[in-house]
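In this note's numbering, the protein residues as written are 14 to 240. By construction, the Cβ of each residue, glycine as well, lies at the ideal position given by its N, Cα and C atoms.
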(Lines of atoms letter the chains of each structure in order from A and count residues from 1; the text may use other names and numbers.)
(Lines give C-alpha, C1' and ligand atoms only; values in the text may rest on other atoms or scores of the structure.)
Protein backbone atom coordinates (compact mmCIF):
# COMPACT_ATOMS: atom_id res chain seq x y z
CA UNK A 1 0.00 0.00 0.00
CA UNK A 2 2.78 2.45 0.95
CA UNK A 3 4.59 1.70 -2.30
CA UNK A 4 1.43 2.44 -4.32
CA UNK A 5 0.91 5.73 -2.47
CA UNK A 6 4.51 6.71 -3.16
CA UNK A 7 4.00 6.01 -6.86
CA UNK A 8 0.79 8.04 -6.86
CA UNK A 9 2.56 11.02 -5.30
CA UNK A 10 4.97 11.05 -8.27
CA UNK A 11 2.16 11.44 -10.81
CA UNK A 12 2.18 14.90 -12.38
CA UNK A 13 -0.43 14.37 -15.09
CA UNK A 14 -3.66 12.35 -15.06
CA UNK A 15 -5.51 11.17 -18.16
CA UNK A 16 -9.24 10.57 -17.81
CA UNK A 17 -11.59 8.74 -20.10
CA UNK A 18 -14.90 10.57 -20.28
CA UNK A 19 -18.02 8.47 -20.87
CA UNK A 20 -18.22 5.77 -18.23
CA UNK A 21 -15.55 7.38 -16.05
CA UNK A 22 -16.56 11.02 -15.60
CA UNK A 23 -20.06 10.86 -17.01
CA UNK A 24 -22.73 8.49 -18.27
CA UNK A 25 -24.14 10.13 -21.38
CA UNK A 26 -25.24 13.57 -20.25
CA UNK A 27 -25.10 12.81 -16.52
CA UNK A 28 -22.09 13.45 -14.30
CA UNK A 29 -21.13 10.40 -12.21
CA UNK A 30 -21.66 10.86 -8.47
CA UNK A 31 -18.50 12.07 -6.75
CA UNK A 32 -17.07 13.91 -9.74
CA UNK A 33 -18.43 17.29 -8.65
CA UNK A 34 -15.46 19.54 -7.95
CA UNK A 35 -12.96 16.71 -8.42
CA UNK A 36 -10.91 18.46 -11.10
CA UNK A 37 -10.74 21.64 -9.02
CA UNK A 38 -9.07 19.53 -6.31
CA UNK A 39 -6.53 18.21 -8.83
CA UNK A 40 -5.73 21.73 -9.99
CA UNK A 41 -5.38 22.95 -6.40
CA UNK A 42 -2.94 20.08 -5.79
CA UNK A 43 -0.83 21.27 -8.78
CA UNK A 44 -1.66 18.16 -10.82
CA UNK A 45 -2.46 18.62 -14.49
CA UNK A 46 -5.07 16.54 -16.31
CA UNK A 47 -6.37 15.79 -19.79
CA UNK A 48 -9.65 14.26 -20.92
CA UNK A 49 -8.90 11.57 -23.49
CA UNK A 50 -11.17 9.93 -26.06
CA UNK A 51 -10.78 7.64 -29.05
CA UNK A 52 -13.92 9.03 -30.72
CA UNK A 53 -12.52 10.79 -33.80
CA UNK A 54 -15.97 11.67 -35.16
CA UNK A 55 -16.07 14.76 -32.90
CA UNK A 56 -13.72 17.70 -32.36
CA UNK A 57 -12.37 19.63 -29.38
CA UNK A 58 -15.20 22.18 -29.42
CA UNK A 59 -17.77 19.39 -29.06
CA UNK A 60 -16.11 17.93 -25.97
CA UNK A 61 -15.48 21.31 -24.35
CA UNK A 62 -19.15 22.22 -24.76
CA UNK A 63 -20.29 18.84 -23.42
CA UNK A 64 -18.00 18.76 -20.38
CA UNK A 65 -18.54 22.40 -19.47
CA UNK A 66 -22.27 21.70 -19.63
CA UNK A 67 -21.74 18.94 -17.05
CA UNK A 68 -19.87 21.31 -14.74
CA UNK A 69 -16.34 20.15 -15.67
CA UNK A 70 -14.51 23.33 -16.69
CA UNK A 71 -12.06 22.57 -19.50
CA UNK A 72 -10.61 24.27 -22.58
CA UNK A 73 -9.69 22.80 -25.95
CA UNK A 74 -6.12 22.40 -24.67
CA UNK A 75 -7.39 19.98 -22.01
CA UNK A 76 -8.88 17.54 -24.55
CA UNK A 77 -6.94 14.79 -26.32
CA UNK A 78 -8.58 12.88 -29.18
CA UNK A 79 -7.19 9.98 -31.22
CA UNK A 80 -7.16 12.39 -34.17
CA UNK A 81 -4.58 14.49 -32.27
CA UNK A 82 -2.28 11.46 -32.14
CA UNK A 83 -2.87 10.91 -35.86
CA UNK A 84 -1.93 14.53 -36.59
CA UNK A 85 1.16 14.24 -34.39
CA UNK A 86 2.26 11.09 -36.25
CA UNK A 87 1.69 12.64 -39.68
CA UNK A 88 3.46 15.88 -38.82
CA UNK A 89 6.50 13.83 -37.86
CA UNK A 90 6.36 11.74 -41.05
CA UNK A 91 5.00 14.02 -43.79
CA UNK A 92 3.71 17.48 -42.71
CA UNK A 93 2.05 18.27 -46.07
CA UNK A 94 0.77 14.82 -46.94
CA UNK A 95 -2.11 14.29 -49.36
CA UNK A 96 -4.82 12.41 -47.48
CA UNK A 97 -7.88 10.50 -48.61
CA UNK A 98 -9.99 10.65 -45.45
CA UNK A 99 -12.88 8.41 -44.48
CA UNK A 100 -14.11 10.61 -41.66
CA UNK A 101 -16.70 13.09 -40.49
CA UNK A 102 -16.46 16.80 -41.41
CA UNK A 103 -15.03 17.41 -37.91
CA UNK A 104 -12.12 15.02 -38.56
CA UNK A 105 -11.56 16.42 -42.03
CA UNK A 106 -11.50 19.98 -40.69
CA UNK A 107 -9.00 19.02 -37.98
CA UNK A 108 -6.66 17.54 -40.58
CA UNK A 109 -7.09 20.39 -43.05
CA UNK A 110 -6.49 23.00 -40.32
CA UNK A 111 -3.26 21.18 -39.45
CA UNK A 112 -1.89 21.78 -42.93
CA UNK A 113 -2.69 18.53 -44.72
CA UNK A 114 -4.04 18.41 -48.26
CA UNK A 115 -7.31 16.47 -48.42
CA UNK A 116 -8.00 14.78 -51.75
CA UNK A 117 -10.99 12.82 -53.02
CA UNK A 118 -8.89 10.04 -54.58
CA UNK A 119 -10.53 10.37 -57.99
CA UNK A 120 -7.36 11.15 -59.93
CA UNK A 121 -4.22 11.52 -57.82
CA UNK A 122 -2.81 8.89 -55.48
CA UNK A 123 -2.98 9.90 -51.81
CA UNK A 124 0.12 9.66 -49.64
CA UNK A 125 -2.06 8.05 -46.97
CA UNK A 126 -5.59 6.80 -46.64
CA UNK A 127 -7.02 7.79 -43.23
CA UNK A 128 -9.85 5.82 -41.63
CA UNK A 129 -11.76 7.35 -38.72
CA UNK A 130 -15.12 6.81 -37.05
CA UNK A 131 -17.00 7.94 -40.14
CA UNK A 132 -20.73 8.28 -39.53
CA UNK A 133 -20.98 9.93 -42.97
CA UNK A 134 -19.38 7.01 -44.82
CA UNK A 135 -20.37 6.80 -48.49
CA UNK A 136 -19.84 3.71 -50.62
CA UNK A 137 -18.07 5.43 -53.52
CA UNK A 138 -15.44 6.95 -51.20
CA UNK A 139 -14.99 3.63 -49.41
CA UNK A 140 -14.48 1.93 -52.78
CA UNK A 141 -11.86 4.50 -53.85
CA UNK A 142 -10.03 4.07 -50.56
CA UNK A 143 -9.96 0.28 -50.95
CA UNK A 144 -8.67 0.56 -54.51
CA UNK A 145 -5.79 2.83 -53.45
CA UNK A 146 -4.96 0.56 -50.51
CA UNK A 147 -4.99 -2.42 -52.88
CA UNK A 148 -2.48 -0.51 -55.07
CA UNK A 149 -0.14 -0.02 -52.13
CA UNK A 150 -1.17 3.30 -50.57
CA UNK A 151 -0.49 3.03 -46.82
CA UNK A 152 -3.40 3.65 -44.53
CA UNK A 153 -3.78 4.87 -40.98
CA UNK A 154 -6.65 4.48 -38.53
CA UNK A 155 -7.57 6.81 -35.69
CA UNK A 156 -8.53 4.07 -33.21
CA UNK A 157 -9.38 0.37 -32.91
CA UNK A 158 -12.79 0.45 -31.15
CA UNK A 159 -15.23 -1.86 -32.93
CA UNK A 160 -18.38 -0.66 -31.13
CA UNK A 161 -19.39 2.80 -29.93
CA UNK A 162 -21.84 2.51 -26.99
CA UNK A 163 -24.97 4.65 -27.10
CA UNK A 164 -28.10 4.94 -24.96
CA UNK A 165 -30.19 1.94 -23.82
CA UNK A 166 -27.29 -0.49 -24.08
CA UNK A 167 -27.15 -0.21 -27.88
CA UNK A 168 -24.15 0.59 -30.06
CA UNK A 169 -22.94 1.97 -33.39
CA UNK A 170 -20.30 0.27 -35.58
CA UNK A 171 -17.09 2.17 -34.84
CA UNK A 172 -13.74 2.66 -36.55
CA UNK A 173 -12.53 -0.86 -35.75
CA UNK A 174 -15.48 -2.33 -37.66
CA UNK A 175 -14.48 -0.21 -40.68
CA UNK A 176 -10.90 -1.47 -40.35
CA UNK A 177 -12.18 -5.05 -40.51
CA UNK A 178 -14.31 -4.24 -43.55
CA UNK A 179 -11.28 -2.82 -45.39
CA UNK A 180 -9.09 -5.73 -44.29
CA UNK A 181 -11.66 -8.20 -45.62
CA UNK A 182 -11.79 -6.38 -48.97
CA UNK A 183 -8.04 -5.74 -49.41
CA UNK A 184 -6.24 -8.15 -47.10
CA UNK A 185 -4.36 -5.15 -45.66
CA UNK A 186 -4.21 -3.92 -42.06
CA UNK A 187 -3.49 -0.31 -41.08
CA UNK A 188 0.12 0.78 -40.99
CA UNK A 189 -0.62 2.55 -37.71
CA UNK A 190 -3.60 2.72 -35.33
CA UNK A 191 -3.23 5.90 -33.29
CA UNK A 192 -5.76 5.76 -30.44
CA UNK A 193 -5.82 3.88 -27.13
CA UNK A 194 -4.40 1.38 -26.25
CA UNK A 195 -1.54 2.21 -28.66
CA UNK A 196 1.29 4.49 -27.53
CA UNK A 197 0.88 7.45 -29.88
CA UNK A 198 -1.29 9.51 -27.52
CA UNK A 199 1.32 9.06 -24.80
CA UNK A 200 4.05 10.14 -27.23
CA UNK A 201 2.03 13.28 -27.97
CA UNK A 202 1.41 13.96 -24.30
CA UNK A 203 5.08 13.61 -23.34
CA UNK A 204 5.93 16.04 -26.14
CA UNK A 205 3.32 18.54 -24.88
CA UNK A 206 4.08 18.33 -21.17
CA UNK A 207 7.66 17.12 -20.81
CA UNK A 208 6.42 14.45 -18.38
CA UNK A 209 8.03 11.02 -18.29
CA UNK A 210 5.82 7.94 -18.61
CA UNK A 211 6.25 7.24 -14.90
CA UNK A 212 4.71 10.66 -14.16
CA UNK A 213 1.50 9.98 -16.13
CA UNK A 214 -1.50 7.91 -14.96
CA UNK A 215 -4.57 6.73 -16.85
CA UNK A 216 -8.04 6.54 -15.28
CA UNK A 217 -10.71 4.64 -17.20
CA UNK A 218 -13.39 1.96 -17.12
CA UNK A 219 -12.30 -0.51 -19.82
CA UNK A 220 -9.57 -3.07 -19.11
CA UNK A 221 -8.74 -3.78 -22.77
CA UNK A 222 -8.55 -0.11 -23.75
CA UNK A 223 -7.82 2.28 -20.88
CA UNK A 224 -5.95 0.03 -18.48
CA UNK A 225 -3.85 -1.63 -21.21
CA UNK A 226 -3.10 1.87 -22.47
CA UNK A 227 -2.06 2.90 -18.95
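Check whether the Cβ atoms of residue i and residue j lie closer than 8 Å to each other.
i	j	result
residue 219	residue 156	no
residue 129	residue 185	no
residue 127	residue 108	yes
residue 91	residue 74	no
residue 204	residue 37	no
residue 131	residue 112	no
residue 200	residue 167	yes
residue 93	residue 122	no
residue 231	residue 79	no
residue 170	residue 189	yes
residue 172	residue 187	yes
residue 35	residue 82	yes
residue 24	residue 227	yes
residue 26	residue 224	no
residue 182	residue 62	no
residue 229	residue 28	yes
Taking only three categories from DSSP, how would you classify residue i?
i	result
residue 58	strand
residue 27	strand
residue 206	coil
residue 153	helix
residue 89	strand
residue 63	strand
residue 32	strand
residue 235	helix
residue 127	strand
residue 215	helix
residue 41	strand
residue 190	helix
residue 161	coil
Let's test the definition: count the other Cβ atoms within 10 Å of the Cβ of residue i and tell me whether it reaches 16, buried, or not, exposed.
i	result
residue 105	exposed
residue 139	buried
residue 115	exposed
residue 30	buried
residue 98	buried
residue 3	Missing from the structure shown is residue 3; the chain here goes from 14 to 240 and no further.
residue 208	buried
residue 77	buried
residue 64	buried
residue 235	buried
residue 163	buried
residue 21	exposed
residue 149	exposed
residue 11	The structure shown does not extend to residue 11, since the chain spans only 14 to 240, so no value can be given for it.
Would you mind reading off the limits of the beta strand (DSSP E) that contains residue i?
i	result
residue 182	181-183
residue 167	165-167
residue 109	108-112
residue 227	226-229
residue 175	173-175
residue 141	138-141
Can you name the start and end residues of the alpha helix (DSSP H) that residue i belongs to?
i	result
residue 77	70-79
residue 96	92-103
residue 121	115-123
Could you tell me if the beta carbon of residue i falls within a distance shorter than 7 Å of some heavy atom in the ligand MG?
i	result
residue 178	What this structure holds is no ligand at all, so the ligand MG is not there to describe.
With three or more beta-carbon pairs closer than 8 Å as the criterion, would you say the stretch 69-84 touches the stretch 163-180? Taking 8 Å as the limit for Cβ pairs, the verdict is that the stretch 163-180 does not touch the stretch 69-84.
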